[in-house]
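Numbering (the working numbering), first residue to last: 166 to 307. Take a look at the structure set out below.
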């Protein structure tokens, strides 16, 4: 939302690592679908859970943690390039070097989610950005 707002306002956007950082851009409907499927299949506690040698895939409590992401990392610069026509305006890019602590690339490992509920987010970046931009423009009347 901040990127869309900045593009429409003509404000510069900070682009770290010159836009070469990669991450998953996951459309909200995919997140909602994953969460709803998990709600329909509650997890049970693992009676063999050992707190002295914990396994992050299981727990003594009846809960479970999943990555819900697209698993198809895209460069930040690519995201901006897709966002510009969807918003109808070119972004003013303010390039900066990589910041300490930033990751060059991240991607969700959704295998546990797929195994548990049979779902993997799959909305392509172009479709997700287009749908987001239409919602944003309508919601904010811009």
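Glycine included, every Cβ here is placed at the ideal spot set by N, Cα and C.
Presumed contact (8 Å Cβ cut-off) between residue i and residue j, rounded CB distance
| i | j | result |
| --- | --- | --- |
| residue 273 | residue 235 | 7 Å |
| residue 241 | residue 283 | The Cβ separation is near 31 Å, so there is no contact. |
| residue 180 | residue 258 | 5 Å |
Helix, strand or coil at residue i according to DSSP, with G and I counted as helix
| i | result |
| --- | --- |
| residue 178 | strand |
| residue 280 | helix |
| residue 172 | helix |
| residue 240 | strand |
| residue 285 | coil |
| residue 255 | coil |
| residue 192 | coil |
| residue 248 | helix |
| residue 210 | coil |
| residue 225 | coil |
In DSSP terms, what residue i is bridged to
| i | result |
| --- | --- |
| residue 270 | 187 |
| residue 260 | 180 |
Through-space distance from residue j to residue i, alpha-carbon basis
| i | j | result |
| --- | --- | --- |
| residue 178 | residue 186 | 15 Å |
| residue 304 | residue 297 | 10 Å |
| residue 270 | residue 176 | 26 Å |
| residue 306 | residue 299 | 10 Å |
| residue 275 | residue 208 | 17 Å |
| residue 254 | residue 245 | 11 Å |
| residue 301 | residue 166 | 8 Å |
Taking contact to mean 3 or more Cβ pairs, one atom from each stretch, closer than 8 Å, check whether the region 239–256 and the region 191–211 are in contact.
These segments do not touch.
Are the region 187–197 and the region 280–294 touching by the rule of at least three beta carbon pairs closer than 8 Å?
Remark: three or more beta-carbon pairs, one from each stretch, lie closer than 8 Å, so the region 187–197 and the region 280–294 are flagged as touching.
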